[in-house]
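With positions in the sequence shown counted from 1, the corresponding number in my numbering is that position plus 274.
Where is the CB? At the ideal position from N, CA and C, for every residue including glycine.
The structure appears right after this line, and notes come after that.
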Amino acid sequence: MEQAKLHDLLQSLTLQEKIGQLIQLSGEFFDATDISLGPQRKLGITQEAVDLAGSVLNVAGAKEVKRIQDIHLRQGGHPIPLLFMADVIYGYKTVYPIPLGIGATWDPALVERAYTNTADEARASGLQVSFAPMVDLVRDPRWGRVLESTGEDPYLNSRFAAAMVKGFQKNLAAGSGLVSCVKHFAAYGAAEAGREYNPADLSTPTLFQDYLPSYKAAIDAGVKMVMTSLTTLNGVPATADKWLLQDILRKRWGFNGVIISDYASVYELIKHGFAQDSTDAAAKALTAGVDIDMKSPCYANGLQPLVENGHLSEAKIDDAVWRVLTLKNELGLFEHPYGGATEEREHAQTLTPEKRSLARDLSRKALVLLKNNENLLPLNPHGNQRVALIGPYADEQELLGLWAVHGERKDTVTIKAGFSEYLPAQQLQTAKGTDIIRDRSMLEKMGVSAEQIGHIISGSNTEQSNHDQALAIAKNADIIVFAAGEHTLQSGEAGSRTRLRLPDNQRQLLAELRKLNKPIVLIVISGRPLVLTDVQDQADAILQAWFPGTEGGHAIADVIFGRYNPTGRLSMTFPYDEGQLPLYYNHLSTGRPENHSQHSGRFVSRYIDNPNKPLYPFGYGLSYGSVQYGELKLDSDTLAAAGRDELTAAISVTNTGTVPREETVQFYIHDQVASIVQPVKRLIGFQKVPVQPGETKTAALTITPDMLSFANRDGEFITEPGMFDLFAGPNSQDVHQTSFSLTE
275 MEQAKLHDLL
285 QSLTLQEKIG
295 QLIQLSGEFF
305 DATDISLGPQ
315 RKLGITQEAV
325 DLAGSVLNVA
335 GAKEVKRIQD
345 IHLRQGGHPI
355 PLLFMADVIY
365 GYKTVYPIPL
375 GIGATWDPAL
385 VERAYTNTAD
395 EARASGLQVS
405 FAPMVDLVRD
415 PRWGRVLEST
425 GEDPYLNSRF
435 AAAMVKGFQK
445 NLAAGSGLVS
455 CVKHFAAYGA
465 AEAGREYNPA
475 DLSTPTLFQD
485 YLPSYKAAID
495 AGVKMVMTSL
505 TTLNGVPATA
515 DKWLLQDILR
525 KRWGFNGVII
535 SDYASVYELI
545 KHGFAQDSTD
555 AAAKALTAGV
565 DIDMKSPCYA
575 NGLQPLVENG
585 HLSEAKIDDA
595 VWRVLTLKNE
605 LGLFEHPYGG
615 ATEEREHAQT
625 LTPEKRSLAR
635 DLSRKALVLL
645 KNNENLLPLN
655 PHGNQRVALI
665 GPYADEQELL
675 GLWAVHGERK
685 DTVTIKAGFS
695 EYLPAQQLQT
705 AKGTDIIRDR
715 SMLEKMGVSA
725 EQIGHIISGS
735 NTEQSNHDQA
745 LAIAKNADII
755 VFAAGEHTLQ
765 SGEAGSRTRL
775 RLPDNQRQLL
785 AELRKLNKPI
795 VLIVISGRPL
805 VLTDVQDQAD
815 AILQAWFPGT
825 EGGHAIADVI
835 FGRYNPTGRL
845 SMTFPYDEGQ
855 LPLYYNHLST
865 GRPENHSQHS
875 GRFVSRYIDN
885 PNKPLYPFGY
895 GLSYGSVQYG
905 ELKLDSDTLA
915 AAGRDELTAA
925 ISVTNTGTVP
935 REETVQFYIH
945 DQVASIVQPV
955 KRLIGFQKVP
965 VQPGETKTAA
975 LTITPDMLSF
985 ANRDGEFITE
995 PGMFDLFAGP
1005 NSQDVHQTSF
1015 SLTE
């Protein structure tokens, strides 16, 4: 539709019709098959408001979308189609690893391709907007939603944020892309103590240097929608924060797209103690800049009386409606209200062999080999060893993770199925051994019904039988592979935990298996970094598999049997103990750092009962074979801040092993002296280097002055002359070091 006609349409709408465009309701209001999210409450809105609503939450499927759209266009009283939005975070029908696993790939280019495929599937099924990516920086694995983040580093997160946005929106004009909605603005991942919905309290330098860059990267990549955080930032709910939404997002960053609240977060301004009632909440959210109110009664019931009483300008509503109409127009919905979705196209585009193949590749790149004593892995698929595949995830299809809303477990490849492609039946025996979880009280806290608990927790006789079967096949095996992990419901939103160990029943079984003195490979399925300290010595090899997605079983088998040499590197630190949390590599130093202090004995910054260091650091991961790093060299020892000066850092990597491998060479910087104390290290670049046996290659990074800048107390990025340490290596701890100076 031409801009002039779109403007005429806006002017023709009544106030009620305008407000309708700013309301998002879930499918239950339209008699649709709805995926229920969050606290369910009677919103108390009229049928007229439903008929005028501008968008729908979590209705998908070409047939259902067409049915709802047809009803709406008949009853709505105006020719404005609904927008269909949903959480499509790490895949639609073809599900990829959780984003924390995606972060471990260190491969933004591949991720962009994957998200283009996801958009293709979802758009064919009638969706037009994805509530993704979630780019919240995370430092505390007690918070369940670390599952949806790509990790703890601002630079790496920013690379993935841009890749995901570009992937979603790549084919938008062609009708097969999705509008990307970046979330949760801002700093939702900084929830205190890792407890869901807790406040975030951050200094301005920390906010701008660590937490905001990934959102900015999404804006720079052209994202068309932003979702606010459910929480408060420095005492102000993000959904009503003018400074965040107007001063930063719109004015400083130039974002002119749609801003949407998170689920019921406008209404929750009342619970925060920031709004008197729902009308006050509506006024504060709209004035702050929230265009669409997701699943709350505030805009539906509050905006019209605010305008009629003179407390709110209708022009303010017009501005918000214009942004919504513009987005619908960009999607071509006025001409094609179903967005090109048909049942035929939906069937043709979902779970295709090509999409499954890419999912398999992405899943295996996400796997992180944490331990491999005496090169136990890879297993030889052509040998005669008998393998006992034991554990609650041995033959379990629930490998998708909590927020794979549209994926189906029936389409998921199990670990057993993956192993069966490498081993004949006589060499592979499988036993469940124990349930994933047997903690009834925890399941009850998660809102699991008694009937569901009955399906999750086996009866005592069945549990004993599973246990006995596992020990029996283990005794006859040459190698034990134990597939363990947390339950899907234990991570994700509202999955905060204070104890991050494998469930007790699984650890007990693993300890019994260890007594058999057989080599053990531990596969860990989880939505977060777990504390693996107490099982570290119970296994000879450990593979962190996350929730690996639809092709997870194939991917795990490809790595275990050596078809694929693991390249995954952690994008989030694995703690030694929960008491260390939050724990992250790019922390500040203290005046009395451990091992570097003039103070002896007691008075240094350390724990007296545990080490300061993590169990596995950021950037860590093993591959098969071995490499040797050379000397880190610079082509100059000075860099001028003025002009367009640059210097190049280079380090050689030699494959000293017998198998090809890909090395992820990581470059870190440290500003020795600054007006605001800087992290001990921070990532400024990385390069993936494939090396054949006996081959030497060089990884290089061009360093420019802007890469050395930091945020001051006004949130502005500045550079200061001085000495900088440069580090390069396979992870954030094992590095080679040199230094250079930045001059004025």
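**Report entry** CA nearest to the CA of Arg712, picked from Pro666, Leu862, Trp677, Ala678
**Finding:** Looking up residue 712 in the sequence shown gives position 438. When only C-alpha atoms are compared, the closest one is Pro666.
Query raised in the report: Around the Cβ of Arg634, are there at least 16 other Cβ atoms within 10 angstroms (buried) or fewer (exposed)?
Result: Counting from 1 along the sequence shown, the entry for residue 634 is found at position 360. Under this definition Arg634 is a buried residue.
Query raised in the report: What residues in its chain sit with their C-beta under 6 Å from that of Gln671, if we drop five residues either side in the sequence?
Result: Mapped onto the sequence shown, residue 671 falls at position 397. Correct list, in chain order: Arg683, Thr686, Thr688.
**Report entry** Environment of Leu790 [buried if 16+ CB atoms lie within 10 Å]
**Finding:** Your numbering for residue 790 matches position 516 in the sequence shown. It counts as exposed.
Query raised in the report: Is Glu994 helix, strand or coil by DSSP?
Result: Here residue 994 corresponds to residue number 720 of the sequence shown, with the count starting at 1. Here Glu994 sits in coil by DSSP.
Requested in this report: Alpha carbon to alpha carbon, how far is Arg660 from Asp752? Give it in angstroms, no decimals.
Outcome: Here residue 752 corresponds to residue number 478 of the sequence shown, with the count starting at 1. Here residue 660 corresponds to residue number 386 of the sequence shown, with the count starting at 1. Cα to Cα, Asp752 sits roughly 5 Å from Arg660.
Query raised in the report: How should Tyr881 be labelled, buried or exposed, when 16 other C-beta atoms within 10 angstroms of its C-beta is the threshold for buried?
Result: Along the sequence shown, read from residue 1 onward, the residue named residue 881 stands at position 607. Label assigned to Tyr881: exposed.
Query raised in the report: Looking at Thr938 and Trp517, is the spacing between their C-beta atoms short of 9 Å?
Result: In the sequence shown, counting from the first residue as 1, residue 517 sits at position 243. In the sequence shown, counting from the first residue as 1, residue 938 sits at position 664. No, they are not a contact pair.
Report task. Give the straight-line distance between the Cα atoms of Glu322 and Asp808, rounded to the nearest whole angstrom. Result -> The residue labelled residue 322 in the question sits at position 48 within the sequence shown. The residue labelled residue 808 in the question sits at position 534 within the sequence shown. So the two alpha carbons sit approximately 59 Å from each other.
Query raised in the report: With DSSP run on the structure shown, which of helix, strand or coil describes Phe434?
Result: In the sequence shown, counting from the first residue as 1, residue 434 sits at position 160. Three-state DSSP puts Phe434 in a helix.
Requested in this report: Tell whether a beta-carbon distance below 9 Å holds between Tyr537 and Ala555.
Outcome: What you label residue 537 is simply residue 263 of the sequence shown in a count that begins at 1. What you label residue 555 is simply residue 281 of the sequence shown in a count that begins at 1. Contact: no.
Query raised in the report: Cα-Cα, which of Gln946, Tyr890, Gln966 is closest to Tyr898?
Result: The residue given as residue 898 occupies position 624 in the sequence shown. Nearest of Gln946, Tyr890, Gln966 to Tyr898, Cα basis: Gln966.
Report task. Would you decide whether Gln726 is buried or exposed? Buried here means 16 or more other CB atoms lie within 10 Å of its CB. Result -> Residue mapping note: residue 726 aligns to position 452 of the sequence shown, counting from 1. Gln726 is exposed by the Cβ-count criterion.
Query - Cα-Cα separation between Glu1018 and Val947, rounded to whole angstroms - result: Looking up residue 1018 in the sequence shown gives position 744. Looking up residue 947 in the sequence shown gives position 673. Approximately 15 Å, taken between the alpha carbons.
Query raised in the report: Between the Cα of Leu523 and the Cα atoms of Ala549, Lys490, Gly547, Gln810, which residue gives the shortest distance?
Result: Here the question's residue 523 lines up with position 249 in the sequence shown. When each option's Cα is compared against that of Leu523, the closest is Lys490.
Query - Euclidean distance between Cα positions of Arg511 and Phe548 - result: Walking along the sequence shown from the start, residue 511 turns up at place 237. Walking along the sequence shown from the start, residue 548 turns up at place 274. It should be noted that the sequence gives Pro, not Arg, for residue 511. Cα to Cα, the separation comes out at about 8 Å.
Requested in this report: In the DSSP assignment, find the unbroken alpha helix (DSSP H) run with Gly759 in it and report its ends.
Outcome: Position 485 of the sequence shown, counting from 1, holds the residue named residue 759. Element bounds for Gly759: not the alpha helix (DSSP H) but the beta strand (DSSP E), 753–759.
Query raised in the report: When the Cβ atoms of the segment 759–775 are set against those of the segment 419–431, are three or more pairs found closer than 8 Å?
Result: yes
Query raised in the report: Along the chain, which unbroken stretches of the beta strand (DSSP E) at least 3 residues long are found entirely within the segment 924–992?
Result: 935–945, 956–965, 970–977
Query - Nearest to Glu786 (by Cα), restricted to the options Gln285, Ile754, Val805, Pro803 - result: Reading the sequence shown from its first residue, position 512 is the one you call residue 786. Of the listed residues, the one whose Cα sits closest to Glu786 is Ile754.
Report task. For Thr708, collect the residues of the same chain with a Cβ closer than 7 Å to its Cβ; drop the 5 residues on either side in sequence, then sort them by chain order. Result -> Against the sequence shown, residue 708 aligns to sequence position 434. Pro666, Glu737, Asn740, His741, Asn779, Gln780, Leu783.
**Report entry** Rounded Cβ spacing between Gln483 and Ala1002 (contact assumed at less than 8 Å)
**Finding:** Taking the sequence shown and counting its residues from 1, one reaches residue 483 at position 209. Taking the sequence shown and counting its residues from 1, one reaches residue 1002 at position 728. Incorrect: roughly 22 Å between the Cβ atoms, too far for contact.
Report task. Following the continuous beta strand (DSSP E) through Phe1014, name the residue where it begins and the one where it ends. Result -> Locating residue 1014 in the sequence shown gives position 740, where the first residue counts as 1. Its beta strand (DSSP E) spans residues 1010–1017.
Query raised in the report: From Ser800 to Val1009, what does the alpha carbon distance come to, in whole angstroms?
Result: Position 526 of the sequence shown holds residue 800. Position 735 of the sequence shown holds residue 1009. For Ser800 and Val1009, the distance between alpha carbons rounds to 28 Å.
Query - Local conformation of Ser732 per DSSP, three classes - result: One-based indexing of the sequence shown puts residue 732 at position 458. Correct three-state label for Ser732: coil.
Report task. Determine the contact status of Arg397 and Ala615, defining contact as a CB-CB distance below 9 Å. Result -> As a position in the sequence shown, residue 397 is number 123, starting the count at 1. As a position in the sequence shown, residue 615 is number 341, starting the count at 1. Cβ atoms of Arg397 and Ala615: closer than 9 Å.
Query raised in the report: For Met568, is the classification buried or exposed, using 16 other Cβ atoms within 10 angstroms of its Cβ as the cut-off for buried?
Result: Locating residue 568 in the sequence shown gives position 294, counting from the first residue. Met568 comes out buried.
Query raised in the report: Would Lys645 be called buried (16 or more neighbouring beta carbons within 10 Å of its own) or exposed?
Result: Walking along the sequence shown from the start, residue 645 turns up at place 371. Lys645 comes out buried.
Requested in this report: Measure the alpha-carbon distance for Ile376 versus Gly441 and round it to whole angstroms.
Outcome: One-based indexing of the sequence shown puts residue 376 at position 102. One-based indexing of the sequence shown puts residue 441 at position 167. Roughly 14 Å separates the two Cα atoms.
Query raised in the report: So what does DSSP say about Gly312, is it helix, strand or coil?
Result: As a position in the sequence shown, residue 312 is number 38, starting the count at 1. Residue confidence for Gly312 is low, a pLDDT of 38 falling below 50, so the modelled location carries little weight; the figure read from the coordinates is stated next. Coil, per DSSP.
**Report entry** Residue from Thr624, Leu543, Lys971, Ser949 whose Cα sits closest to the Cα of Thr993
**Finding:** Translated into positions along the sequence shown, residue 993 becomes position 719. Of the listed residues, the one whose Cα sits closest to Thr993 is Ser949.
Requested in this report: Going by CA-CA distance only, name the one from Ala378, Val595, Leu331 that's closest to Met359.
Outcome: Sequence index remark: in the sequence shown, residue 359 carries index 85 (1-based). Met359 has its Cα closest to that of Leu331, out of Ala378, Val595, Leu331.
Query raised in the report: Within 10 angstroms of its Cβ, does Gln443 collect 16 or more other Cβ (buried), or is it exposed?
Result: Taking the first residue of the sequence shown as 1, we reach residue 443 at position 169. Buried: at least 16 other Cβ atoms inside 10 Å.
Query raised in the report: Quick one: any contact between the segment 822–829 and the segment 856–864, if contact means 3 or more CB pairs under 8 Å?
Result: no
Query raised in the report: Who are Gly365's beta bridge partners in DSSP?
Result: Position 91 of the sequence shown, counting from 1, holds the residue named residue 365. Per DSSP, Val369.
Query raised in the report: Could you give the distance in angstroms between the alpha-carbon of Pro652 and the alpha-carbon of Asn658?
Result: Here residue 652 is taken as the residue at index 378 of the sequence shown, counted from 1. Here residue 658 is taken as the residue at index 384 of the sequence shown, counted from 1. The straight-line gap from Cα to Cα measures roughly 14 Å.
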